[in-house]
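Its first residue numbered 1, the sequence shown is counted upward by one per residue in our numbering.
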Amino acid sequence: MKRPSYFYLYAILILFGGALLRLWQLGHASLWTDENFTSFFAHAPAKDFFNFLLIDGVHVPFYFMVMRLFPAEPDLVLRLPSAFFGVLSIAVLMGVVNHLYGSTRLALWAGALLAFNPYHIWYSRSARPYALFFLLALAANYYFLRLLQGRRSWQLWLLFTLTTMGAYMTHYFAIALPLAQYITLAFVLRGQVDFFRKWFVCHLIAGVPLLIWIGALTQQEAISFGIAWIPPVTLADPFVTIWNLLVGYMGRDSVLYLPAIVIGSALLLMGTGYALRSRRDDVPALYSFWVIVGALVPVALISQFRAVYHDRYFMVMLPAVLLLVLRGSQQAQWRQWASFLLVAVLIFGAATVLIRIANHEEEREGWRAASRHIERNFQPGDQLMVLNGSSLIPFRRYTDDSFDPPTIEIEFDEPAPLVAGQRMWVVVRNPNESLHYPFAMDEFDPFAVDGSKLSEWMRANRLAWVEQWEYPGITVLLFAAN
1 MKRPSYFYLY
11 AILILFGGAL
21 LRLWQLGHAS
31 LWTDENFTSF
41 FAHAPAKDFF
51 NFLLIDGVHV
61 PFYFMVMRLF
71 PAEPDLVLRL
81 PSAFFGVLSI
91 AVLMGVVNHL
101 YGSTRLALWA
111 GALLAFNPYH
121 IWYSRSARPY
131 ALFFLLALAA
141 NYYFLRLLQG
151 RRSWQLWLLF
161 TLTTMGAYMT
171 HYFAIALPLA
181 QYITLAFVLR
191 GQVDFFRKWF
201 VCHLIAGVPL
211 LIWIGALTQQ
221 EAISFGIAWI
231 PPVTLADPFV
241 TIWNLLVGYM
251 GRDSVLYLPA
261 IVIGSALLLM
271 GTGYALRSRR
281 DDVPALYSFW
291 VIVGALVPVA
301 LISQFRAVYH
311 DRYFMVMLPA
321 VLLLVLRGSQ
331 QAQWRQWASF
341 LLVAVLIFGA
351 ATVLIRIANH
361 EEEREGWRAA
371 SRHIERNFQP
381 GDQLMVLNGS
391 SLIPFRRYTD
401 DSFDPPTIEI
411 EFDEPAPLVA
421 GQRMWVVVRN
431 PNESLHYPFA
441 MDEFDPFAVD
451 GSKLSEWMRA
461 NRLAWVEQWE
471 YPGITVLLFA
481 AN
């Protein structure tokens with residue numbers, strides 16, 4: 001189908017806007033702890049690479065294998081692959097919507113919604129797997145829907161299998177895809193046993209690397225499985241997650257974005273109603289509904305027993321959310337207002353990102369400034385104390401290779417009492433976490449962190465406390481014995 005001439009102009013403008021928001025000041029904020037783990041895993045010696053990931057127990061390896069192709073420094077370069085995947089996803093989404101619906105107008109709106117979506121932008125600016133996960137999940141969804149539409153060449157089956165395999169090996173939450181596909185098939189594909197058999201075999205093949213990986217995990221003597229920090233889930237959290245995917249969650253400032261929240265939620269509800277009413281006529285919309293349900297509901301239920309719920313894990317849902325918003329905007333009662341409503345969502349999204357970046361408010365953990373402050377002021381005989389090695393990885397990234405201070409990891413080491421004239425530098429990460437807010441949390445009292453050996457030591461040595469410095473997500477304290 002021939003595309004109108006304006007399509008390419010608008011598509012380029014959308015891609016430019018999306019790239020600008022993902023690249024502007026990309027290296028300004030320090031890497032936060034998880035991004036430092038990306039650098040650590042991706043650039044570990046080849047013989048240790050898989051073993052380190054298996055001991056960690058949280059990640060599947062594909063993203064980190066990709067990251068081994070790129071340098072680890074500077075911070076900008078480490079984040080560039082995610083930004084690239086994010087911009088590429090905008091172009092791919094426009095192509096997907098155009099192919100599925102034959103509408104360049106819908107395709108442009110889809111691209112614009114993704115280009116200016118704060119949730120996608122923040123994770124496209126982060127050296128983590130989520131932008132790649134979105135791209136692979138989007139591609140797997142597209143090939144599944146094309147197969148359902150009757151285009152069943154072996155090439156499509158192969159691409160469906162490979163992209164599904166990639167999604168499985170990028171994030172565990174890709175398991176929502178076969179669940180949603182299975183439910184969708186129950187609604188729209190009756191009596192076509194051959195199709196179901198091929199679909200099932202493709203998922204079996206796609207799942208082989210994941211099963212091998214899980215098998216290797218079970219053979220580990222010790223797995224850190226470091227997700228104990230995730231807060232418990234409440235009944236309100238799934239609704240806040242949807243809100244975050246729609247227009248971004250800004251914490252206490254969210255009231256300023258209430259119009260965009262209301263508009264986005266209304267369009268999503270309209271799109272959901274349409275998907276259920278038109279389940280045989282608009283299979284992509286129906287499938288989108290089941291992707292949301294298949295990801296959100298099981299994880300929320302499992303998290304009542306084992307906390308595995310965090311908004312950034314739900315990137316697999318974002319294509320579905322955007323598609324339902326688009327379909328909601330096309331309903332008769334909204335059609336004359338559709339452009340105005342969608343533009344309002346875009347403006348609020350872009351403003352959210354631009355204001356936060358311009359004000360340097362996107363830094364989650366200020367490791368660069370904190371580490372260099374300690375390095376500048378460290379004196380002979382001083383010691384450094386941290387909770388464990390997760391703080392040493394970012395600390396060492398931002399200090400000179402020749403700076404190797406005597407260090408105590410208090411989670412594993414028993415520090416000797418301070419003696420007269422001795423100084424101890426203590427680095428404390430903010431222990432407060434949000435399931436939804438992707439930036440630095442409010443200031444905290446480092447002496448009052450429940451269950452922390454670091455806080456216990458500081459309380460016991462409070463009389464030796466000399467000074468304290470605050471950075472985003474990080475507090476540095478100096479203790480000196482008289």
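All C-beta atoms, glycine included, are put in the ideal place defined by N, C-alpha and C.
Met-315 is the residue among Gln-468, Arg-280 and Met-315 whose C-alpha sits nearest the C-alpha of Leu-138. With a threshold of 16 other beta carbon atoms within 10 Å, Phe-479 meets it and is buried.
Leu-268 is a Cβ neighbour of Leu-324, given a cutoff of 8 Å. Three or more Cβ pairs closer than 8 Å define a contact, and the region 81–100 meets that threshold against the region 9–19. Cβ contact annotation for Tyr-172 (same chain, cutoff 7 Å, sequence separation greater than five): Val-60, in chain order.
Counting only unbroken stretches of 4 or more residues, the alpha helix (DSSP H) elements lying wholly within the region 374–435 are 389–397, in sequence order.
At least 8 Å separates the beta-carbon of Glu-411 from that of Trp-32. Distances from the alpha-carbon of Ala-275 to those of Pro-232, Val-291, Arg-429 and Ile-261 put Val-291 closest.
Below 8 Å, too few C-beta pairs join the region 423–430 and the region 233–250 to call them touching: fewer than three. Per DSSP, the beta bridge partners of Trp-465 are Phe-479.
Closest option to Ser-371, judged by alpha-carbon separation, among Glu-470, Ala-300, Gly-27 and Leu-148: Glu-470. The beta carbons of Trp-457 and Pro-415 sit about 7 Å from each other, so the pair counts as a contact at 8 Å. Sequence-distant partners of Val-449 (beyond 5 residues in either direction) whose C-beta falls short of 6 Å from its own C-beta, in its chain, are Pro-431 and Ser-455. Distance from the CA atom of Gln-149 to the CA atom of His-43, rounded to whole angstroms, is 43 Å.
By the criterion of a C-beta distance shorter than 7 Å, Ser-288 is surrounded in its chain by Ala-275, Ala-320, Leu-323 and Leu-324, once the five residues flanking it on both sides are discounted. About 32 Å separates the beta carbon of Met-165 from that of Pro-231, a gap too long to meet the 8 Å contact definition.
Excluding the 5 residues flanking it on each side, Val-353 has same chain C-beta neighbours closer than 6 Å at Leu-21, Pro-118 and Ile-121, in chain order. DSSP, reduced to helix, strand and coil, places Glu-470 within a strand of the structure shown.
Around the beta carbon of Phe-395, 16 or more other beta carbons lie within 10 angstroms, which makes this residue buried. At a Cβ-Cβ threshold of 8 Å, Thr-163 and Ile-205 do not count as neighbours.
In this structure Ile-261 is buried. Its beta-carbon is surrounded by 16 or more other beta-carbon atoms within 10 angstroms. By a beta-carbon distance limit of 8 Å, Ala-83 contacts Leu-23. Their separation comes to about 6 Å. If you draw a straight line from the Cα of Leu-387 to the Cα of Leu-189, it comes to about 55 Å.
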